[in-house]
Amino acid sequence: MNGKIAFIPGDGIGPEVAAPAAAVLDAAGALFGHVFHRAELPAGGRAVDETGVPLPPETLEEAKRCDAVFLGAVGGPKWDDLPVNLRPERALLDIRRELGVFVNLRPVSLAAPLRSVCPLKDEILSAGGPGGKPVFDFLIVRELTGGIYFGARGRSEDGSSAWDTESYSRPEIERVLEAAYAAAAERRKKVCVVDKANVLESSRLWRETALRMSGSCPGIETSFLYVDNAAMQLIRAPGSFDVIVTSNMFGDILSDEASALTGSIGMLPSASLAGVPGRRPGPARPLMGIYEPIHGSAPDIAGKDIANPLGAVLSAAMMLRYSFGLEKEAAAVEAAVNSVLEKGYRTADISGRGGKERLAGTREMGEAVVQALEEQA
Ligand code: NAD
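Mind the numbering: the sequence shown is residues 763 to 1139 in the numbering used here, read in order.
(1) For Gly765, which residues in the same chain have their Cβ closer than 6 Å to its Cβ, ignoring the five residues on either side in sequence?
(2) Please classify Pro816: does DSSP put it in a helix, a strand, or coil?
(3) List the residues that DSSP assigns as beta-bridge partners of Trp925.
(4) Could you give the DSSP three-state label for Ser1034: helix, strand or coil?
(5) Short of 6 Å in beta carbon distance, which residues of its chain neighbour Pro1000, apart from the five on each side in sequence? Order them along the chain.
(6) Would Asn847 and Arg904 qualify as a contact pair, given that the criterion is a beta-carbon distance under 8 Å?
(7) Does the pairing of the segment 864-879 with the segment 834-851 give three or more beta-carbon distances under 8 Å?
(8) Just to confirm my understanding: we take Leu973, look at its own chain, exclude 5 residues before and 5 after, and list those with CB closer than 8 Å. What are they?
(9) Ligand 1 and Ile775: does the residue's C-beta get closer than 7 Å to at least one heavy atom of that ligand?
(10) In whole angstroms, what is the alpha-carbon distance linking Gly807 and Gly977?
(11) Does the beta-carbon of Asp856, which I'm using as the reference point, lie nearer than 7 Å to any heavy atom of ligand 1?
(12) By Cβ distance below 7 Å, which residues in the same chain neighbour Glu1119 in space, the five residues on each side in sequence not counted?
(13) Counting only the same chain and skipping the five closest in sequence on each side, list residues whose C-beta sits under 6 Å from that of Pro818.
(14) Within 10 angstroms of its Cβ, does Lys958 collect 16 or more other Cβ (buried), or is it exposed?
(15) Assuming contact is defined by CB atoms lying nearer than 8 Å, are Leu1035 and Leu1016 in contact in what I supplied?
(16) Smallest Cα separation from Gly1025: which of Ser923, Val1095 and Ser871?
(17) Given a cut-off of 8 Å on the beta-carbon distance, is the pair Ala835 and Gly1058 in contact?
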């Protein structure tokens, strides 16, 4: 396989976590006989500094010519006072919209070696979990190119009032639900639709659409939760969830909450896809995706070589799986991550200061994953 990746390291810790992800992709390529070409492109704050805009047209054009996009993270205090359309984060919204990546997959699971940094008690972890074991493993399916982040917004003339609009069409909801049901079919066959249908009309449309679709998905259990209750159930019984499907803003917030259960936001990967996985158009036309850890640019720890690169590395594994159809290679990267955790490697954010732990910086953690991958040869 000869793949081409638009590689956007971004700002803050973005380049620090992107480097290990690139090294792991190279190692996976060498191990399994693939070549992944990387076109390094500016976006975010770096692009504002270099070109005056957060998403230069050249970056977008090149990204469209590639098979997939990898993104570290963008943003930082240096650019916080810019007008909203020039802020680095604007690049994320624009590239998602332009590449049509409407669904965002965020797997959330507790790696067994990280049990000690999960803040929940054993009895909570066991509640509703698969086989009553103290683990959880669920997938958040988030709508990505609609809702309040893209709706009309404004201010009154005197600036004393402001509004943002949550708006969804049925087709926008249907395609995300379709991705959720497809994912559930490969997992534990449960879909939980999270909304605020007791208050919001747009949520009522989500619920109505899900009820209709559930009728044509036999064998998959559909349930509904209001978002406030869902936020609570994630803490009370994370093991009860399989696939959570929800709107752009609810998914954004719930996945940060969920990340805390895994020990650190630095552990969580994501894939934003332009189609439903499993219904790929075929090897000749890969499924376009943007792959990025769910965390931001973490200016508080940037430049210190202490950021956790595993969310970025696991995002690269998702790229292998969804955009390149390389399941064996993706699983090998995930196994390598698990192996370094089992060996005791810990970045500071996931360190429980246990006896067999080995505190590692960003670079050392990346090198350990590459080595674990090479050991599989
Ligand atoms: P953040 O995710 O950057 O950081 C939140 C906290 O988590 C910080 O304490 C940080 O040190 C820690 N953290 C984050 N990633 C980590 C990692 N890999 N290893 C260890 N610790 C990690 O969120 P924030 O502070 O709200 O935002 C900082 C900047 O990032 C802002 O400019 C924001 O707009 C931007 N942002 C970008 C993205 C993106 O590029 N996709 C996402 C969210 C926020």
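Backbone N, C-alpha and C define an ideal beta-carbon position, used for all residues, glycine too. As the structure is a prediction and not an experimental result, all values here were calculated from the model.
Let me spell this out:
(1) Reading the sequence shown from its first residue, position 3 is the one you call residue 765. If we look at Gly765 and ignore the five residues flanking it on each side, its Cβ neighbours are Phe798, Asp829 and Phe1086.
(2) Locating residue 816 in the sequence shown gives position 54, counting from the first residue. Here DSSP, grouped into helix, strand and coil, assigns Pro816 to coil.
(3) As a position in the sequence shown, residue 925 is number 163, starting the count at 1. DSSP, once it has assigned bridges, lists Gly916 as partnering Trp925.
(4) The residue you call residue 1034 lines up with position 272 of the sequence shown. Reduced to three states, the DSSP call for Ser1034 is strand.
(5) The residue labelled residue 1000 in the question sits at position 238 within the sequence shown. By the criterion of a C-beta distance shorter than 6 Å, Pro1000 is surrounded in its chain by Phe898 and Leu1023, once the five residues flanking it on both sides are discounted.
(6) Here residue 847 is taken as the residue at index 85 of the sequence shown, counted from 1. Here residue 904 is taken as the residue at index 142 of the sequence shown, counted from 1. For the pair Asn847 and Arg904, the CB atoms are not nearer than the 8 Å cut-off.
(7) Cβ pair count under 8 Å is below three, so no.
(8) Sequence index remark: in the sequence shown, residue 973 carries index 211 (1-based). Excluding sequence neighbours, Leu973 sits near Thr984.
(9) In the sequence shown, residue 775 corresponds to position 13, counting from 1. At least one heavy atom of ligand 1 sits closer than 7 Å to the Cβ of Ile775.
(10) Taking the first residue of the sequence shown as 1, we reach residue 807 at position 45. Taking the first residue of the sequence shown as 1, we reach residue 977 at position 215. C-alpha separation (whole angstroms): 46 Å.
(11) Taking the sequence shown and counting its residues from 1, one reaches residue 856 at position 94. No; taking the cut-off as 7 Å, the Cβ of Asp856 has no heavy atom of ligand 1 nearer than that.
(12) Sequence index remark: in the sequence shown, residue 1119 carries index 357 (1-based). Counting only Cβ-Cβ distances below 7 Å, and skipping sequence neighbours, we find Gly1106, Arg1108 and Ser1113.
(13) Within the sequence shown, the letter at position 56 stands for residue 818. So the list reads Ala809, once near-sequence residues are dropped.
(14) If you number the sequence shown from 1, residue 958 lands on position 196. Counting other Cβ atoms within 10 Å of its Cβ, Lys958 reaches 16 or more and is therefore classed as buried.
(15) Position 273 of the sequence shown holds residue 1035. Position 254 of the sequence shown holds residue 1016. The Cβ-Cβ distance between Leu1035 and Leu1016 does not fall below 8 Å.
(16) Within the sequence shown, residue 1025 is the residue found at index 263, counting from 1. Nearest of Ser923, Val1095 and Ser871 to Gly1025, Cα basis: Ser871.
(17) As a working note, residue 835 is residue 73 in the sequence shown. As a working note, residue 1058 is residue 296 in the sequence shown. Their beta carbons are under 8 Å apart, which means Ala835 touches Gly1058 by this criterion.
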